[in-house]
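Residue numbers (the working numbering), protein chains in the order written: chain A, 1 to 250; chain B, 1001 to 1662; chain C, 2001 to 2223. Ideal Cβ positions, reconstructed from N, Cα and C, are used throughout, including at glycine. Note that the coordinates shown come from a computational prediction; the quantities given were computed from them, not determined experimentally. What follows is a set of notes on a single structure, which appears directly below.
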């Protein structure tokens, strides 16, 4: 396959960026999208140019590190697939592919296609946990969890924290990410003790990070590689509103 | 054989079952007021690192944690699929701490330390308790209690799981605990930082040199103890199921600063991976071992049979695992299944364009499940097409996500044509040598999880890696580190102005400058690929003395080529993944040499280490317990120079037997 | 900041306000459409004027009207604030954005549709509500709204503006109705279908009913 690429290049957070055009002549349809970038980078090195920086690690769709906005969509054209699992057979010979970084106030560009997603870690630090010190736990089977709740919690917990939801959302809202964690822990009996304070603190941190607000377009869920459901956002809304109006924290 | 005087495993006295409990009751404690003044550096934030960092912070220590990824949640523990073992005996099927201990020692082909493995089995239950309490959504039965499955050929159901994403759920559990401490300010987290050296002062490990990968700055961090939880080194083979960033650099720097490297040649090759599709391949993807519960593995009986798999008639197929191992069939342990696949492919029976693959076929399972559905619904005259439709639906429910992944990667529909699979490097049992306290041969320097050599001997059983990572981090190190730190309370704050820090930083800087200055013709990536090829061909699934000697020569040459011809783009002053990669590849090359030396030293076949010269007439591994029942601990003495120290393995509680799966 | 204002100024609180005021305005639309539909009796405005008089003079309704105005102001102001915040959340736009692959255009254009509706609202109130209420304040007398309608809707441009206003309303409601329930956290597998059905039906029926009024008058169906 022959491809034309338009790739966003930006040397650091402060610098102005722009698109560079590249041509690749020998792309195999069996390559993953990132392997196609490996080929591009080898080519750039041979030409004495600096390779394109992009985030990637596990390359099997689970670590959540890869993050490319491909032809106007996070993780490219397929549903439920991360960039690393996208293969070149999803493109046609002669295609032009435009690749940009995630764009959001809360995800500043570090270099080229690499963005800083520390905001997600800070949101988790604000309350995305159950406060149980090691050694405190009772026997695992002493607390039955209805299968339905366990399954729903698992579905929410499948989030890989890649940020595609933020990237896809016209408001750069992080509500799908945040709601997935709030939902997971709100659904489980273990999470009840901190249920209110968790929702309050995580939402406050999410807002402080500069993410936008949800307008229910559903783009996040449609683009989520793990297909996290919008139901979680509704649950977060309930949790947050309920917590704010009923908790004794003033 | 006697254990080298340089190695003291510090195994507590007394009967095996009470060693750990007695140890815990007698290990020196650190007063809470003193804990506040003791700093601990944790490198790596996978299961071992995240759980250790969080737990030590909960205890009151000051913790700094480092990871090279953009978030601790990305560590490669996240990719583990199958499950985590624990001797809970919830299924009432006769499991016990002893049985888990026994299975692990046996599965490791009698090359692991009894006391460590028994402790692992003892704390396995606590891990499940802790994870459930932290909100890990394990699979459950309708009654609300935890579900178990059998895994890796054990006879009991002791594996806890969360669909095919157990590693992800466990890591996110440990990560949330870590982030809680970060939020409280008890752990200072350093993302996108890579450890490039350790700093020893007066024979004790006192800190690290880390590089901020965003700015390129070198930083000095001091600590009273340093924990390396940096995972395995499977990427020395270039192609493996490891993440692209997984590397040996931290462990290797420690090794060069005095930490002995244990059993470097013990590598696990996982039998069910998606085969290589071409030269461009950057990594390999595992298909869960659970597929072998229903899939049948075969190759054509005829050499170079180019017909598509589904067109080859039944009587022209060789179900070689069922033929060779009638008792265990397709469920033999990983090392055996991998070698058998290689044997068939080497003999010319491989399938696919590369001929380096075998079929994993679900046709029989589809039919079996289809008929079961028909029976269940009382349909006695179902057509074959209906049966197949129903059968496919059942298979989809059980393995749908794996089938989808296969289709995504290969472009073939595994519901229609048999899957092609081939073994791939998956896990490294070897690692930094540690004593019972998980301390390396450098005082104050610890190693946890896959980064150490300790619990899996020569072969790891399925669902045991997650168990070991969390055992080390949650339940072992919090106790054992006290034994060392109790004597450190008078040390006071360690200054990073000490000349050892200055010197180490200067050495790191010099190495980076050298790498950038070479400006040769070959990218680090290509060197890595060349190293991988040597390793895979000569130190992979099967090894022999001749090949290993060649490999050592080739790797030495490769190292020289690297240091004269590598081309690293950019500079050190900013985000530069090429430089990071060059640094890692340079260490992999040195490690590769040691792995071959170790494999050459071990004149026996055991677990993942198969020396072609040492096999039975039927082609099975031939262990030599008389001469090789030891841990190889290698001391780095200089370029191309290592000294072997042996730790004798003593089995007081287990009867040693030949593994047989026939 | 008090917990209350903290709640309402949070991202979710702002959405809560949008949803609550939106649903309130939807309930207003029901009343408004029902009473205006009285013109279709085609009785020379008798029934319509009867109810119009009731709405214009009943003290309870007049009090609620203050709430209605407040509802509009909050919905509009909050919408504008959200629009601004959401824009700021992505200072650098994508060069290529294929948003239609993951969401409907109207769900992404609530701000635009809302602005069109605001413009329409200004025109619409300056036609009827403002002159009528000003006159009431000044003279205590109501204007003959029915006659005003007959006069104003003789102008084809006005009719077109009203029809376009109704089209904007249709798209705005098509997303807004369902969205309000989601924002309030009312998402349940058993009821989502019903909410969606009612939402879609409402967004079609109400704007058509409204649009038929100027059209019918212009075409002389209603005299």
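Bridge partner(s) assigned by DSSP for residue i
i              : result
residue 1218/B : 1211/B
residue 1228/B : 1043/B, 1447/B
residue 2005/C : Note: residue 2005/C sits in no beta bridge, so no partner.
residue 1543/B : 1611/B
residue 24/A   : 3/A
Where residue i meets chain A, residues with beta-carbon distance less than 9 Å
i              : result
residue 2230/C : Chain C is shown only over 2001 to 2223; residue 2230/C falls outside these bounds and no answer can be derived.
residue 2082/C : 171, 212, 213, 215
Range covered by the beta strand (DSSP E) that runs through residue i
i              : result
residue 2200/C : Counting along the chain, residue 2200/C falls outside any beta strand (DSSP E), though it belongs to the alpha helix (DSSP H) covering 2192-2218.
residue 106/A  : Per DSSP, residue 106/A belongs to no beta strand (DSSP E) and is neither H nor E.
residue 1064/B : 1062-1066
residue 1189/B : 1187-1190
residue 1641/B : 1641-1648
residue 1200/B : 1193-1201
Chain-ordered chain A contacts of residue i [CB-CB under 7 Å]
i              : result
residue 1283/B : 59
residue 1191/B : 118
residue 2092/C : 103
residue 2103/C : 217, 218, 219, 222
Listed by chain order, chain C residues near residue i by CB distance under 8 Å
i             : result
residue 71/A  : 2096, 2098
residue 237/A : 2012, 2015, 2016, 2182, 2183, 2184, 2185
residue 203/A : 2010, 2011, 2012
Contacts that residue i makes with chain C (C-beta to C-beta distance below 9 Å)
i             : result
residue 44/A  : Those do not exist, as residue 44/A stays about 21 Å from chain C at its closest Cβ, beyond 9 Å.
residue 154/A : Within 9 Å Cβ-Cβ: nothing; residue 154/A doesn't reach chain C, min ~17 Å.
Chain A residues whose Cβ lies nearer than 8 Å to that of residue i
i              : result
residue 1141/B : 147
residue 1076/B : 57, 58, 63
residue 2107/C : 215, 216, 217, 218
residue 1132/B : 137, 140, 143, 190
Residue i: first and last residue of the uninterrupted alpha helix (DSSP H) it sits in
i              : result
residue 2156/C : 2156-2183
residue 2131/C : 2129-2139
residue 1118/B : 1114-1133
residue 2057/C : 2046-2057
residue 1665/B : The question about residue 1665/B has no answer, for chain B in this structure spans 1001 to 1662.
residue 1592/B : 1577-1601
Contact set between residue i and chain B, taken where Cβ atoms lie within less than 7 Å
i            : result
residue 39/A : 1280
residue 7/A  : Neighbours of residue 7/A on chain B: none; closest Cβ ~15 Å, over 7 Å.
residue 81/A : 1408
Listed by chain order, chain F residues near residue i by CB distance under 9 Å
i            : result
residue 51/A : The chain inventory of the structure shown lacks chain F, comprising the protein chains A, B and C.
Residues that residue i contacts on chain B, provided the C-beta gap is smaller than 9 Å
i             : result
residue 225/A : By Cβ distance, chain B contributes nothing, its closest Cβ being about 11 Å from residue 225/A, past 9 Å.
Interface partners of residue i on chain B, CB under 8 Å
i            : result
residue 34/A : 1282
Discussion item. If the cut-off is 9 Å on Cβ atoms, which residues from the region 1395-1413 of chain B count as contacting chain A, listed in chain order?
Written reply: Of all residues in the region 1395-1413 of chain B, those with a C-beta nearer than 9 Å to a C-beta of chain A are 1404, 1405, 1408, 1409, 1410, 1411, reading in chain order.
Item to complete: Inspect the CB distances between the region 108-128 of chain A and the region 45-65 of chain A and report whether three or more fall short of 8 Å.
Response: yes
Discussion item. At a CB distance below 7 Å, what residues from the region 2002-2019 of chain C approach chain A? Give them in sequence order.
Written reply: 2003, 2007, 2010, 2011, 2012, 2014, 2015, 2016
Worksheet item: So, do the region 2125-2145 of chain C and the region 2187-2198 of chain C have three or more beta carbon pairs nearer to each other than 8 Å?
Response: no
Worksheet item: Do the region 1251-1266 of chain B and the region 1436-1447 of chain B meet, that is, are 3 or more Cβ pairs less than 8 Å apart?
Response: yes
Item to complete: Decide if the region 1221-1233 of chain B is in contact with the region 1402-1420 of chain B; the criterion is three or more beta carbon pairs, one per stretch, under 8 Å apart.
Response: no
Worksheet entry | Three-pair Cβ contact test at 8 Å for the region 125-135 of chain A versus the region 179-194 of chain A | The region 125-135 of chain A makes contact with the region 179-194 of chain A; the number of CB pairs closer than 8 Å reaches 3 or more.
Discussion item. Taking contact to mean 3 or more Cβ pairs, one atom from each stretch, closer than 8 Å, check whether the region 1464-1480 of chain B and the region 1121-1131 of chain B are in contact.
Written reply: yes
Discussion item. Pairs of beta-carbons, one from the region 1327-1341 of chain B and one from the region 1272-1292 of chain B, closer than 8 Å: are there three or more?
Written reply: yes
Worksheet item: In the region 87-104 of chain A, which residues sit with their C-beta less than 8 Å from some C-beta in chain C, listed in chain order?
Response: 98, 100, 103, 104
Worksheet item: Can you find at least 3 beta carbon pairs, one from the region 1271-1280 of chain B and one from the region 1460-1471 of chain B, that sit closer than 8 Å?
Response: With the cut-off at 8 Å, the region 1271-1280 of chain B and the region 1460-1471 of chain B do not touch.
Practice prompt. Could you say if the region 38-50 of chain A and the region 1517-1526 of chain B meet the contact criterion of at least three C-beta pairs nearer than 8 Å?
Written response: yes
Fill in: Meets three-Cβ-pair contact criterion under 8 Å: the region 2029-2043 of chain C and the region 2206-2214 of chain C
yes
Practice prompt. Anything in the region 1300-1334 of chain B with a Cβ closer than 7 Å to a Cβ of chain A? List those residues in chain order, please.
Written response: none
Worksheet item: Three or more beta-carbon pairs under 8 Å between the region 1025-1038 of chain B and the region 1479-1492 of chain B, yes or no?
Response: yes
Worksheet item: Quick check: the region 1539-1548 of chain B against the region 1598-1613 of chain B, are there 3 or more CB pairs under 8 Å?
Response: The region 1539-1548 of chain B makes contact with the region 1598-1613 of chain B; the number of CB pairs closer than 8 Å reaches 3 or more.
Worksheet item: Are the region 51-60 of chain A and the region 2083-2096 of chain C touching, with three or more C-beta to C-beta distances below 8 Å?
Response: The region 51-60 of chain A, when compared against the region 2083-2096 of chain C, does not touch it at the 8 Å Cβ threshold.
Discussion item. Measuring CB atoms only, is the region 106-113 of chain A touching the region 2-22 of chain A, in the sense that at least three cross pairs come out at less than 8 Å?
Written reply: yes
Worksheet item: On the three-pair Cβ rule with 8 Å, is the region 166-184 of chain A touching the region 202-220 of chain A?
Response: By the criterion of at least three beta-carbon pairs nearer than 8 Å, the region 166-184 of chain A is in contact with the region 202-220 of chain A.
Worksheet item: If you pair each beta-carbon of the region 148-164 of chain A with each one of the region 1150-1160 of chain B, do three or more pairs fall below 8 Å?
Response: Judged by Cβ distances under 8 Å, the region 148-164 of chain A makes no contact with the region 1150-1160 of chain B, as fewer than three pairs qualify.
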